[in-house]
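Worksheet for the structure shown next.
In the numbering used here, the protein residues as written are 57 to 415.
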């Protein structure tokens, strides 16, 4: 093959790969019909579905009993209902939008909404669900009988929707970060933190953070219930008493990383970005007032009394803006520490003594 032909072949291959990669990206970014269904889902249908799953579980447990069945079932159904409600609420929050309140954030809003509805969320959630339940089966926490199949289905559905909700929470953080980079002129000129659309974002951030707290604690509790007593011993040396060790480490490691460690980090970032938006608006307003003050001084042209009166007024406004609140709503930082402490307590109790022994 000549050099020219090789060049043509490489060019065709590159173009082919480029076209296919574009198609793959479009596929993953395409809005999934599942999110459309979730937005239209009525609470009565969720209640009926949960009731059917509960009654089916009661029947299967009668035939094939499972230890602490009702504790597991109530925990998983609670996770399922809260997760589904959160996903729907998040979708409606972005669909109803903040853009009517401030069209300047339309770009950030559109990009985030597109990410929330993409197929990629579903595929990642499926991968995580399969990965976790394969390891749970390998650890023999669940036996492959009728109860085991039922537990996997209910647990997988609950985990699936909670992971989608988890991605949405991360997207909210990215959304606030994007807003910090925007030039915004439409805001509360006296107390920037009281800007309506910013207050709404802060309120939603607090709500989703609370929900994330509940789901994280429930998942840690649910998984801890499956762990056998004395799975880890600390004397004479640290040793893991379950096989395979890898599955035990990777499943607990995921809970530690994505719940215990991630929650305070995510909470800090979300609050920090919102405070940064407020700080930026305050600084912007102060600069506007300082320019106004300079202009008034030039126009006064030696009229002392008028100059003093105007400068006093503008100076008072600058002080008011500077001293105004730095965050739109009251939000306790101590709450961010509560989830890691509680989940860590459940975590250590379960691997050291077995949580089941305390029930």
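Positions of the beta carbon are idealized from the N, C-alpha and C atoms, including for glycine. Note that the coordinates shown come from a computational prediction; the quantities given were computed from them, not determined experimentally.
Rounded Cβ spacing between residue 342 and residue 378 (contact assumed at less than 8 Å): 6 Å
Length-filtered (4 minimum) alpha helix (DSSP H) runs lying within the segment 226-271: Those alpha helix (DSSP H) runs which fall completely within the segment 226-271 and span 4+ residues do not exist here.
Segments assigned alpha helix (DSSP H), at least 4 residues, entirely inside the segment 85-171: 89-96, 99-119 and 125-152
C-beta contact flag for residue 272 and residue 319 at 8 Å: yes
Coil, strand or helix - residue 198 by DSSP: coil
Straight-line Cα distance separating residue 95 from residue 251: 28 Å
Which listed residue (336, 114 and 278) has its alpha carbon closest to that of residue 380: When each option's Cα is compared against that of residue 380, the closest is 336.
With 16 other Cβ atoms within 10 Å as the buried cut-off, status of residue 281: Under this definition residue 281 is a buried residue.
Beta-carbon proximity list for residue 112, same chain, < 6 Å, skipping 5 on both sides: none
Cβ-based neighbour list, residue 140, same chain, cut-off 8 Å, excluding 5 preceding and 5 following: 94, 97, 102 and 217
Contact check, residue 189 vs residue 164, beta carbons under 8 Å: no
Short CB-CB distance (under 8 Å) between residue 309 and chain C: Among the chains of the structure shown, chain C does not appear; only one protein chain is present.
For residue 174, three-class secondary structure by DSSP: strand
Where residue 296 sits in the DSSP three-state scheme: DSSP places residue 296 in strand when its eight states are reduced to three.
Own chain residues within Cβ distance below 6 Å of residue 338, not counting five before or after: Here residue 338 has 248 and 377 as same chain residues with Cβ atoms under 6 Å from its own Cβ, once five neighbours each way along the sequence are excluded.
Closest residue to residue 176 among 224, 371 and 119 (Cα-Cα distance): For the residues 224, 371 and 119, the minimum Cα distance to residue 176 belongs to 224.
Pairwise C-alpha distance: residue 222 and residue 214: Whole-angstrom Cα-Cα distance: 12 Å.
Option nearest residue 278 by Cα separation, candidates 159, 308, 118 and 254: 308
Residue 149 versus residue 267: straight-line alpha-carbon distance, rounded: 15 Å
Inter-residue CB distance, residue 275 and residue 317 (contact presumed, cutoff 8 Å): At roughly 14 Å, the Cβ-Cβ gap does not stay under 8 Å, so residue 275 and residue 317 are not in contact.
Backbone CA spacing between residue 304 and residue 296 [nearest angstrom]: 8 Å
Beta-carbon proximity list for residue 2, same chain, < 7 Å, skipping 5 on both sides: A query on residue 2 cannot be resolved here, the shown segment of the chain reaching from 57 to 415 and no further.
C-beta contact flag for residue 220 and residue 181 at 8 Å: yes
Contacting residues, own chain, Cβ-Cβ under 7 Å from residue 368 (five flanking each side not counted): none
Three-state secondary structure (DSSP) of residue 73: Confidence at residue 73 is low in this model, with a pLDDT of 47, below 50, so the placement of that residue should be treated as unreliable; the coordinate-derived value is given next. If DSSP states are grouped into helix, strand and coil, residue 73 belongs with the helices.
Sequence-distant residues of its chain with Cβ nearer than 6 Å to residue 145 (five each side left out): If we look at residue 145 and ignore the five residues flanking it on each side, it has no Cβ neighbours.
Top-ranked residue by Cα proximity to residue 133, from 209, 283, 373 and 161: 209
Residue 158 burial status per 10 Å Cβ neighbour count (16 or more: buried): Result: buried.
Where residue 380 sits in the DSSP three-state scheme: coil
Which of helix, strand or coil DSSP assigns to residue 284: coil
Whether residue 138 touches residue 235 by CB criterion (8 Å): no
Integer-rounded CB distance, given that residue 264 should sit under 8 Å from residue 142: Confirmed, about 7 Å.
Classification of residue 124 by the beta-carbon crowding that lies within 10 angstroms, buried from 16 upward: With fewer than 16 other Cβ atoms within 10 Å, it is exposed.
Span separating the alpha-carbon of residue 285 from that of residue 256: Cα-Cα distance, rounded: 46 Å.
Outcome for residue 424 when other beta-carbon atoms lying within 10 angstroms are tallied against a minimum of 16: In this structure the chain extends from 57 to 415, so residue 424 is not present and cannot be described.
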